[in-house]
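Q: Sharing a structure here in C-alpha cells format.
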Amino acid sequence: MRFSAAFITLCISSASAFVPKFGASQRATTLYDNAGPPPFSSYYPSPSAPAPAPQSSAPPAAAPATYAPPAPAPAPSPSPAPAANNANPFGNTPSLQYTGGNDPNAKTVRLRDRLNEADIERRKDEEEAMARERQAEMRRDARLAKIKYMRDMPDHTPAGTVDEFMFKEGVQDQLDKLDRELVGLVPVKKRVREIAALLVLDKMRRKLGFETAVPSLHMCFTGAPGTGKTTVAVRMGQILAKMGYSRRGHVVLATRDDLVGQYVGHTAPKTKEMIKKAMGGVLLVDEAYYLYNAANDRDYGQESIEILLNIMENNQEDLVVALAGYKDRMDKFFSYIPGMMSRIGNHIDFPNYSADELVQIASVMSEDLEYDIDQAAYPVFKNYIAKRMNLPYFSNARTVRNAMDRARFNSAIRTFDKYAIRGDNGGLCSIDELKAITASDFQVLVDDIDNADPSKRIFA
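As C-alpha cells, then:
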C-alpha cells in the first residue's frame with residue numbers, strides 16, 4: 090500500500106505536537122511523587138498575575154516537513170512560603186478559618202471557672218453558718234447572763250409599783266384624757282385599760298430580767314359611725330408611744346381610695362406608701378370591708394390585703410394596724426379573709442350612745458368651744474336627740490356635733506338681730522350673750538323635724 094507524501098507529512102507533524110505534552114505530564118508526575126503536591130497558586134494563580142493568552146479553538150497549523158526535537162520542560166518553581174496571618178491565596182485578605190477548637194486550654198479554663206464558682210458558694214454557705222452560730226452563741230450568753238442575774242438577785246429587790254410606771258410613763262395621763270373625751274363606752278375603756286395594764290406589767294418584768302415578748306397589738310374596732318373609734322385609736326397610739334412600743338405614736342387614717350389602685354400595678358405602690366407614712370404608729374383602715382369585693386374576682390383590693398397581712402406579720406413591732414367598720418360587715422369580711430382575723434388579737438366593740446350620754450357629749454363639746462348651754466336648753470336638746478335617733482343616718486356623736494354647729498348658727502343669728510338690726514342696748518353685746526346657747530336655739534332643730542314631710546325626714 091502506497092501513501093502520498095502529504096499524508097506522511099501530516100502524520101509526522103501530529104505526532105510531534107503530542108510528544109512535549111506527554112513529557113511535561115510525565116515530569117509533573119515525578120515531581121509530585123518526590124516533593125509533594127504543587128503549590129495551590131500553581132493551579133489558581135493570583136488575580137494580579139497576567140492572564141494566560143486565550144487558546145484558539147482552530148486546528149493547529151500544518152508544521153513543516155522537517156522534525157524538531159521537543160523543548161526541555163521548565164524547572165519547577167519552589168513552593169511559596171506561607172504568608173503571615175494565614176493569608177488567603179485568593180487575595181490579600183486574611184483567611185476566615187475557624188480556629189476556636191484548636192486551644193487545648195479552653196476546657197481547662199471552663200472547668201477552673203466552675204470550680205471557682207463552687208468555691209465561692211461554699212464560702213458563702215460557711216459564712217452564713219458561722220453567722221448563725223455566732224447569733225446562737227450570743228443568745229445563749231445573754232440567756233445565761235439573765236439566769237445568773239435573776240439567781241443572784243435578792244428576793245427583796247423592788248420592781249416598782251404599778252402606779253409609778255403608770256404615772257412615770259404618762260400612761261395614766263392618756264387614760265384620764267380618754268375618760269374626759271369619751272363619754273360612756275365603759276366596755277371600750279375597760280379594754281383599753283387592760284391593754285395598758287399588760288404593757289405596764291410587761292415593762293416591769295423586763296426590768297427584773299424576765300422573758301418578755303411584744304404582744305399582738307393589732308386591733309379591730311366595730312360599731313356605728315360616731316362612736317369614738319378614731320379617738321380611741323389616737324389615744325392607743327399615744328399610750329403605745331409612752332410605753333416604748335411605738336416610735337412615734339401617730340395615727341394615719343386610710344380608706345379604700347388610699348390603698349387600692351385603679352389599674353394593674355397601681356395598688357402595691359399606694360398601699361406601701363400609706364404603710365410607710367404609718368410606720369412607727371397606728372394605721373387605721375376605716376370601713377375595711379370595702380377592700381374586698383367578693384362579686385369581682387379581678388378586683389385589686391385583694392393585692393392590698395395581701396400586703397397588709399405580710400406587714401402585720403413581719404412588722405408588728407413597728408406598726409399597729411387597726412380595722413374599723415360596722416360589726417356585721419366586718420364579720421363577713423373576716424369570713425372571706427380568715428388570715429386577717431387570726432392576726433388581730435384585740436377586738437373592741439363600740440356600742441351606740443344613749444340619749445343621756447349624747448346630751449353629756451354636747452356639754453363637753455360646748456366647753457371645748459367655750460360656749461355655755463343654758464340649763465333650760467338641755468331638755469329641748471334631749472328631745473331633739475330622741476326624735477333624731479329614730480330617723481335614718483343617725484351617727485351618734487357626729488349627729489351631736491352637727492346639732493351643736495346648727496345651735497351656734499342660730500345663736501349667732503339671734504344675737505346679730507338683737508344688737509345689730511334692732512340696736513338693743515345701743516348695739517353693745519356682753520360676753521355672756523356671745524357665749525350663750527339657749528333653748529330657742531335647739532327648738533329650731535325640733536321644729537324642723539316636726540314640720541318636715543315624714544317621707545323626707547333625712548337630717549345630718
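In terms of my numbering, the sequence shown is numbered consecutively and its last residue is 549. Note that CB positions come from ideal geometry on N, CA and C, so glycine has one too. From a predicted model like this one, the values you see are computed outputs, not experimental measurements.
(1) Got a sec? Which residues, its chain only, sit under 7 Å from ALA285 by beta carbon, not counting five neighbours each side?
(2) Can you list, in chain order, the stretches of the beta strand (DSSP E) that have 3 or more residues and sit fully within the region 302–368?
(3) Measuring only the C-alpha atoms, how far is VAL340 from THR311?
(4) Once the 5 residues before and after ALA486 are set aside, which same chain residues still bring their CB inside 8 Å of it?
(5) In the structure shown, what three-state DSSP assignment does THR118 receive?
(6) What three-state label does DSSP hand ILE437 in the structure shown?
(7) Do VAL374 and ALA330 have their C-beta atoms within less than 7 Å of each other?
(8) Rank ASP521, MET493 and SER519 by C-alpha distance to the C-alpha of VAL533 and give the top, closest one.
(9) Have a look at ALA465 and GLU300 and give me their C-alpha separation to the nearest angstrom.
(10) Judging by CA-CA distance, which residue of ARG432, SER424, ARG221 and ASP386 is the nearest neighbour of ASN404?
(11) Which of helix, strand or coil does DSSP assign to ASP537?
(12) Round the Cβ separation of ILE364 and ILE394 to the nearest angstrom and send it over; I've been treating them as touching at under 8 Å.
(13) Whole angstroms is fine: what's the gap from GLY434's alpha carbon to VAL281's?
(14) Please go through the same chain and pick out, in chain order, the residues whose beta-carbon is closer than 6 Å to the beta-carbon of VAL349, but skip the five residues on each side of it.
(15) Specify the secondary structure class of VAL277 as computed by DSSP and reduced to three states.
(16) Consult DSSP for TYR508 and reduce its assignment to one of helix, strand or coil.
(17) Quick check: what's the CA-CA separation for ALA496 versus ASP291?
(18) Under a three-way DSSP split, which group does SER145 fall into?
(19) Leaving aside the five residues before and after TYR467 along the sequence, list all residues of the same chain whose C-beta is less than 7 Å from its C-beta, in chain order.
(20) Using 10 angstroms around the beta-carbon of ALA207, count the other beta-carbons present and answer buried if the total reaches 16, otherwise exposed.
(21) Just verifying my parser: in three-state terms, what is the DSSP assignment at ALA231?
(22) If I follow the unbroken beta strand (DSSP E) through GLY370, where does it start and stop?
(23) In this structure, does DSSP put ARG294 in helix, strand or coil?
(24) For LYS359 and ASN514, I'd like the C-alpha separation in whole angstroms.
(25) Using DSSP bridges, identify the partner residues of ASP265.
(26) In terms of alpha-carbon separation, which member of ILE510, VAL535, THR504 and GLY354 lies closest to ASP521?
(27) Find the nearest neighbour of TYR415 within the set LYS266, ARG477 and ALA313, judged by alpha-carbon distance.
(28) Are ASP457 and THR527 touching if we call contact CB-CB under 7 Å?
(29) In whole angstroms, give me the CA-to-CA distance for ILE474 and ALA384.
(30) Can you give me the C-alpha to C-alpha distance between LYS524 and TYR482, rounded to a whole angstrom?
(31) Whole angstroms is fine: what's the gap from ARG232's alpha carbon to ILE400's?
(32) Start and end of the alpha helix (DSSP H) containing VAL448?
(33) Quick one: using the 10 Å Cβ neighbour count with 16 as the cut-off for buried, is ARG294 buried or exposed?
(34) Using only CA atoms, which one of HIS436, VAL353, TYR378 and GLY370 lies nearest to PRO276?
(35) Could you check whether ARG337 and LEU380 sit closer than 7 Å to each other, using their CB atoms as the reference points?
(36) For a test of the three-state rule: what should DSSP assign to VAL410, helix, strand or coil?
A: Well, looking at it:
(1) Here residue 285 is taken as the residue at index 196 of the sequence shown, counted from 1. Excluding positions up to five away in sequence, the list reads VAL260, LEU264 and ILE328.
(2) 308–312 and 340–343
(3) For this step, residue 340 is matched to residue 251 along the sequence shown. For this step, residue 311 is matched to residue 222 along the sequence shown. For VAL340 and THR311, the distance between alpha carbons rounds to 17 Å.
(4) Numbered from 1 along the sequence shown, position 397 holds the residue referred to as residue 486. Cβ within range, chain order: GLY315, THR316, GLY317, TYR442, LEU447 and ILE450.
(5) Here residue 118 refers to the residue found at position 29 when the sequence shown is read from its first residue. The predicted model places THR118 with a pLDDT of 43, which falls under 50 and marks its position as unreliable; any figure quoted below should be read in that light. Correct three-state label for THR118: helix.
(6) The count along the sequence shown starts at 1 and reaches residue 437 at position 348. In the structure shown, ILE437 sits in a strand (DSSP, three-state: E or B).
(7) Counting from 1 along the sequence shown, the entry for residue 374 is found at position 285. Counting from 1 along the sequence shown, the entry for residue 330 is found at position 241. No, Cβ-Cβ distance for VAL374 and ALA330 is not below 7 Å.
(8) Walking along the sequence shown from the start, residue 533 turns up at place 444. For VAL533, the nearest C-alpha among the options comes from MET493.
(9) The residue given as residue 465 occupies position 376 in the sequence shown. The residue given as residue 300 occupies position 211 in the sequence shown. About 59 Å.
(10) Translated into positions along the sequence shown, residue 404 becomes position 315. It is ARG432.
(11) As a first step, residue 537 must be located in the sequence shown, where it is residue number 448. Helix, per DSSP.
(12) Taking the sequence shown and counting its residues from 1, one reaches residue 364 at position 275. Taking the sequence shown and counting its residues from 1, one reaches residue 394 at position 305. About 13 Å separates the two Cβ atoms, so there is no contact after all.
(13) Counted from its first residue, the sequence shown places residue 434 at position 345. Counted from its first residue, the sequence shown places residue 281 at position 192. Spanning the two alpha carbons is a distance of roughly 13 Å.
(14) Taking the first residue of the sequence shown as 1, we reach residue 349 at position 260. Within the same chain, VAL349 has close Cβ partners THR356, TYR389, GLY390 and SER393.
(15) Your numbering for residue 277 matches position 188 in the sequence shown. Looking at VAL277 - three-state DSSP - the assignment turns out to be helix.
(16) One-based indexing of the sequence shown puts residue 508 at position 419. If DSSP states are grouped into helix, strand and coil, TYR508 belongs with the helices.
(17) Within the sequence shown, the letter at position 407 stands for residue 496. Within the sequence shown, the letter at position 202 stands for residue 291. So the two alpha carbons sit approximately 48 Å from each other.
(18) Counting from 1 along the sequence shown, the entry for residue 145 is found at position 56. Confidence is the limiting factor: at SER145 the pLDDT is only 48, short of 50, which leaves the residue's position unreliable, though a coordinate-based value still follows. Residue state, collapsed to three classes: coil.
(19) Position 378 of the sequence shown, counted from the start, is the residue given in the question as residue 467. Here the set comprises VAL448.
(20) Taking the sequence shown and counting its residues from 1, one reaches residue 207 at position 118. Exposed, because fewer than 16 other Cβ atoms sit within 10 Å of the Cβ of ALA207.
(21) For this step, residue 231 is matched to residue 142 along the sequence shown. ALA231 falls in the helix class under three-state DSSP.
(22) The residue given as residue 370 occupies position 281 in the sequence shown. Premise fails: GLY370 is in no beta strand (DSSP E) and is neither H nor E.
(23) Mapped onto the sequence shown, residue 294 falls at position 205. Reduced to three states, the DSSP call for ARG294 is helix.
(24) Here residue 359 refers to the residue found at position 270 when the sequence shown is read from its first residue. Here residue 514 refers to the residue found at position 425 when the sequence shown is read from its first residue. Near 60 Å, if we compare the C-alpha coordinates of ASN514 and LYS359.
(25) Here residue 265 refers to the residue found at position 176 when the sequence shown is read from its first residue. Answer is none; ASP265 lacks a bridge partner.
(26) The residue labelled residue 521 in the question sits at position 432 within the sequence shown. Cα-wise, what sits closest to ASP521 is THR504.
(27) The residue you call residue 415 lines up with position 326 of the sequence shown. Here the closest residue by C-alpha is ALA313.
(28) The residue labelled residue 457 in the question sits at position 368 within the sequence shown. The residue labelled residue 527 in the question sits at position 438 within the sequence shown. No.
(29) Here residue 474 refers to the residue found at position 385 when the sequence shown is read from its first residue. Here residue 384 refers to the residue found at position 295 when the sequence shown is read from its first residue. Spanning the two alpha carbons is a distance of roughly 38 Å.
(30) Here residue 524 is taken as the residue at index 435 of the sequence shown, counted from 1. Here residue 482 is taken as the residue at index 393 of the sequence shown, counted from 1. About 30 Å.
(31) Residue mapping note: residue 232 aligns to position 143 of the sequence shown, counting from 1. Residue mapping note: residue 400 aligns to position 311 of the sequence shown, counting from 1. Each residue's Cα considered, the two are about 29 Å apart.
(32) One-based indexing of the sequence shown puts residue 448 at position 359. Element bounds for VAL448: 444–457.
(33) What you label residue 294 is simply residue 205 of the sequence shown in a count that begins at 1. ARG294 comes out exposed.
(34) Locating residue 276 in the sequence shown gives position 187, counting from the first residue. Among HIS436, VAL353, TYR378 and GLY370, the Cα nearest to that of PRO276 belongs to HIS436.
(35) In the sequence shown, the residue the question calls residue 380 occupies position 291. In the sequence shown, the residue the question calls residue 337 occupies position 248. Contact flag unset, no.
(36) What you label residue 410 is simply residue 321 of the sequence shown in a count that begins at 1. Strand at VAL410.
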